[in-house]
Amino acid sequence: MAISQDAHTVKQFDLQLANLRNLVLEMGGLTEDQLKRAVTALDEEDMTAAREVIFRDRLVNGMQAKADDDCINIIALRQPLGSDLRMIMSLANTVTDLERIGDGAKKICRMAVQIYDGVSSPPSAKLLRDVTPIAALAAEMLHDCLDALARLDVEKALTIIHNDDELDQEFQSALRRLITYMMEDQRTIGHAINVVFIIKALERIGDHCKNIAEHIVYLVEGKNVQQRRNLDMSLAMSAQDKSET
Amino acid sequence: MSTTIIETKSALDTALRPAAEAGKQSSLEVTDYDNRQTVGAITVDHPKMVCRNVNVYYGAKQALRNVGIDIGANQVIAFIGPSGCGKSTFLRCLNRMNDTIVTCRVTGQLKLDDEDIYAPVIDVVQLRARIGMVFQKPNPFPKSIYENVAYGPRIHGMVNTKAELDELVRASLERAGLLKEVDKRMNDPGTSLSGGQQQRLCIARAIAVNPEVILMDEPCSALDPIATAKIEELIDELRENYTIVIVTHSMQQAARVSQRTAYFHLGDLIEVGETDQIFTNPKHKLTEDYITGRFG
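Respectively, the protein sequence lines represent chains A and B. Residues in the first sequence are numbered from 1404 upward in steps of one, following this note's numbering. Residues in the second sequence are numbered from 157 upward in steps of one, following this note's numbering.
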């Protein structure tokens, strides 16, 4: 079993933890919806929908504030330990990443509004060609992430961590293509820069998903994936330094 | 209200169930309540006391089963566990306080610096000077503050002159963080002090005979938070010179003052580990359930 199934002696504590978990999962659902709407708005050139996404970002922010408050209250009033403490810390960190993912969706819509401002001519299809597959990858990562969070599925979380490279590589090759277009035809630069911002926002969403996956691993296993990786890296670097001197 | 709790609880259970069924990953190494093998490293690099296979019986009833643990020098180790788990019983084995209970029988090995403390040649009075004890309720002698601290050094013949004794009393009170408060009233009765001050007086009395180990049996349970904080600060300072074993019901206190923590359950030593590991990522399900408040 991953996390203890038994109820706490203090029933109110169970309720508070359950409410917090539900709030974070609800917030996850909202950010997933925001991302989906943002990408659709861009795809269908629907600026009303894009403005709605921008407006709805404050809902995501509000949920973050509520979840942060709940975390602080639980820590102050219950002094959680063991898996409860890991649950609170992981959820608090997850909330931060979810809020940033929400910001990413908003950013995509902001760029969409700039691209389709009704004044300049719309971009050619080839400039936007890479957005759809990258958006699909990011959306899939986010969906898997929330699924892993709901089920506390470490296998799935580890798969997300290992597959983050795929999105990074897509982003890099899209960037190279955009640079080529810009060099070929300077008139595309304006739109191309906006597209760069869009795919960068999607790439960042992938990074936040990876963070959430790491929080899940920590929650369930008590292992800090990020710390371990950074430690491995710094050990490797110091070993390299030593061999060079 | 109650329906909301039940509904939310069942919603949470549903959300958690697939993870439980997947069953592969867990921070817990031992999820079986019946497994009573001690989890974690029972040995340390510089042990002050080494205990192995300690069994304690009160008449026919066995109170402790095969407890094995090292007490590290200049460390604070906390014993935690629900009432009746044997943590105080084990603490009292460490300076043979259980000898005072007629029906109590202790078997196994308990060593202080490689010396068997249950060997027939051991002088129990001397042993208890080397391994001092502070109790749950402050228990100053019905004597003056000065005499409370002076009593031990005097009967152990540790000083020759009045000046030496004065110096030792003042130094002990200073170490216990009490000197400033009692400097002007050394001849007042010890019982005239506040609860927190009385407890620090008992600590001063314990350290006056220059012990190597100090055992503390819930030293703060009768004190307010400010007095508790002072004792905890004192414990941290005393660690430089002494080895400290503390039994506490407050997990937050164990977390605050100790470097290692041992969890006892119904006469078994369930888990030993670094304090931060025990409180963030325990390995035995019993420890996890106890520290998260799921039973007890």
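The beta-carbon is built from N, C-alpha and C at its ideal position, and this holds for glycine as well. The model shown is predicted, which means the values in this text are computed figures rather than measured ones.
(request) Put valine 369 of chain B into one of helix, strand or coil per three-state DSSP. (result) Judged by DSSP in its simplified three-state form, valine 369 of chain B adopts strand.
(message) Is the separation between the beta-carbon of arginine 395 of chain B and that of asparagine 230 of chain B shorter than 8 Å?
(response) Taking C-beta atoms as the reference points, arginine 395 of chain B and asparagine 230 of chain B count as a pair closer than 8 Å.
(request) Using 10 angstroms around the beta-carbon of aspartate 1506 of chain A, count the other beta-carbons present and answer buried if the total reaches 16, otherwise exposed. (result) Flag for aspartate 1506 of chain A reads buried.
(request) Let me know the secondary structure DSSP gives histidine 440 of chain B once reduced to three states. (result) Three-state DSSP puts histidine 440 of chain B in a strand.
(request) Report buried or exposed for aspartate 1417 of chain A, applying the criterion of at least 16 other Cβ atoms within 10 angstroms of its Cβ. (result) Result: buried.
(request) Please name the residue, chosen from B/Arg286, B/Phe435, B/Val200 and B/Ile363, that lies closest to valine 413 of chain B on a Cα-to-Cα basis. (result) Scanning B/Arg286, B/Phe435, B/Val200 and B/Ile363 for the CA closest to the CA of valine 413 of chain B turns up B/Phe435.
(message) Can you check whether the C-beta of glutamine 1467 of chain A is within less than 8 Å of a C-beta belonging to chain B?
(response) With a threshold of 8 Å between beta carbons, glutamine 1467 of chain A makes no contact with chain B.
(request) May I ask you to report which of helix, strand or coil DSSP gives isoleucine 1518 of chain A? (result) DSSP, read as helix, strand or coil, puts isoleucine 1518 of chain A in helix.
(request) Assign threonine 1434 of chain A to one of three DSSP states: helix, strand, or coil. (result) Judged by DSSP in its simplified three-state form, threonine 1434 of chain A adopts helix.
(request) Report the residue from B/Lys386, B/Glu303 and B/Leu321 whose alpha carbon sits nearest the alpha carbon of glycine 346 of chain B. (result) Considering only alpha carbons, the answer is B/Glu303.
(message) Using a 10 Å radius around the Cβ and a threshold of 16 neighbouring Cβ atoms, would you call tyrosine 189 of chain B buried or exposed?
(response) Burial call: exposed.
(request) Answer with yes or no whether the minimum CB distance from glutamate 1435 of chain A to chain C is below 8 Å. (result) No chain C is present in this structure, whose protein chains are A and B.
(message) Is it buried or exposed, valine 1413 of chain A, if we count other Cβ atoms within 10 angstroms and call 16 or more buried?
(response) The residue is exposed, with fewer than 16 neighbouring Cβ atoms inside 10 Å.
(message) Residues of the segment 392–413 of chain B in Cβ contact with chain A at a cutoff of 9 Å, in chain order, please.
(response) Within the segment 392–413 of chain B, the residues whose Cβ lies closer than 9 Å to some Cβ of chain A are Met407, Gln408 and Ala411, listed in chain order.
(request) State the Cα-Cα distance for the pair arginine 1579 of chain A and glutamine 409 of chain B, rounded to the nearest angstrom. (result) Here the alpha carbons of glutamine 409 of chain B and arginine 1579 of chain A stand approximately 58 Å from one another.
(request) Check each candidate in B/Ala216, B/Arg326, B/Gln292 and B/Cys207 and name the one with the smallest Cα separation from lysine 267 of chain B. (result) Looking only at B/Ala216, B/Arg326, B/Gln292 and B/Cys207, the smallest Cα-Cα distance to lysine 267 of chain B is reached by B/Cys207.
(message) Can you look up isoleucine 278 of chain B in the DSSP assignment and give me helix, strand or coil?
(response) Isoleucine 278 of chain B falls in the coil class under three-state DSSP.
(request) Drop a sphere of 10 angstroms on the beta-carbon of glutamate 177 of chain B, count the other beta-carbons inside from all chains shown, and report buried for 16 or more, exposed for fewer. (result) Summary for glutamate 177 of chain B: the model assigns pLDDT 46, below 50, so the residue's position carries little reliability, and this model does not support an answer.
(message) Quick check on DSSP: helix, strand or coil for glutamine 231 of chain B?
(response) Glutamine 231 of chain B falls in the coil class under three-state DSSP.
(request) Kindly list the residues whose CB is nearer than 7 Å to the CB of glutamate 1533 of chain A, restricted to its own chain and excluding five residues on each side of it in sequence; keep chain order. (result) It is worth fixing the name first, because residue 1533 of chain A is aspartate in this sequence and not glutamate. Cβ neighbours of aspartate 1533 of chain A beyond the five flanking positions: Ala1577, Arg1580 and Ile1602.
(request) Output, in chain order, the set of chain B residues within a Cβ distance shorter than 9 Å of glutamate 1624 of chain A. (result) Result: Gln181, Ser182, Ser183 and Asn437.
(request) Classify serine 1524 of chain A as buried or exposed, calling it buried when 16 or more other Cβ atoms lie within 10 Å of its own Cβ. (result) The residue in question, serine 1524 of chain A, is exposed, as its Cβ has fewer than 16 Cβ neighbours within 10 Å.
(request) Show which residues of chain A have a CB atom less than 8 Å away from the CB atom of arginine 450 of chain B. (result) Going along chain A in sequence order, the residues near arginine 450 of chain B (Cβ under 8 Å) are Ser1407, Asp1409, Ala1410, His1411 and Thr1412.
(message) Strictly by DSSP, which residues pair up with tyrosine 213 of chain B?
(response) Bridge partners of tyrosine 213 of chain B: B/Gln218 and B/Arg261.
(message) Going by beta-carbon coordinates alone, are serine 183 of chain B and serine 1486 of chain A separated by less than 8 Å?
(response) Serine 183 of chain B places its beta carbon less than 8 Å from that of serine 1486 of chain A.
(request) Tell me whether methionine 1636 of chain A is buried or exposed, calling it buried when 16 or more other Cβ atoms sit within 10 Å of its Cβ. (result) Label assigned to methionine 1636 of chain A: exposed.
(request) Just the chain B side, please: which residues come within less than 7 Å of aspartate 1473 of chain A by C-beta, in chain order? (result) Neighbours of aspartate 1473 of chain A in chain B, taken as residues at a C-beta separation under 7 Å, are lacking, since the least C-beta distance is about 14 Å.
(request) Identify every residue that forms a DSSP beta bridge with lysine 267 of chain B. (result) B/Val206 and B/Asp272, per the DSSP bridge assignment.
(message) I'd like to check one pair, alanine 1541 of chain A with glycine 1609 of chain A: are the Cβ atoms closer than 8 Å?
(response) Between glycine 1609 of chain A and alanine 1541 of chain A, the CB-CB gap stays under 8 Å.
(request) Could you tell me which of B/Lys217, B/Glu427, B/Val232 and B/Ile400 sits nearest to glycine 288 of chain B, measuring between CA atoms? (result) The shortest C-alpha separation from glycine 288 of chain B is found at B/Ile400.
(message) Please classify alanine 470 of chain B as buried or exposed, where buried requires at least 16 other C-beta atoms within 10 Å of its C-beta.
(response) Any answer about residue 470 of chain B is impossible in this case: the structure gives chain B only from 157 up to 452.
(request) Please determine, among B/Gln353, B/Ser377 and B/Glu330, the residue with the shortest C-alpha to C-alpha distance to isoleucine 363 of chain B. (result) The option with the nearest alpha carbon to isoleucine 363 of chain B is B/Glu330.
(message) Is the separation between the beta-carbon of glycine 423 of chain B and that of arginine 221 of chain B shorter than 8 Å?
(response) In contact: glycine 423 of chain B and arginine 221 of chain B (Cβ atoms closer than 8 Å).
(request) Starting from valine 1413 of chain A, trace the beta strand (DSSP E) both ways and give me its first and last residue. (result) Careful: valine 1413 of chain A lies outside any beta strand (DSSP E) and carries neither H nor E.
(message) Pop quiz: histidine 421 of chain B and glycine 196 of chain B are said to be a contact at Cβ under 8 Å. What is the actual Cβ separation, rounded to whole angstroms?
(response) Between histidine 421 of chain B and glycine 196 of chain B a beta carbon distance of about 14 Å is seen, past the 8 Å cut, so the two are scored as non-contacting.
(message) Please classify glycine 352 of chain B as buried or exposed, where buried requires at least 16 other C-beta atoms within 10 Å of its C-beta.
(response) By the neighbour-count criterion, in which 16 or more other beta carbons inside 10 Å mark a residue as buried, glycine 352 of chain B falls on the buried side.
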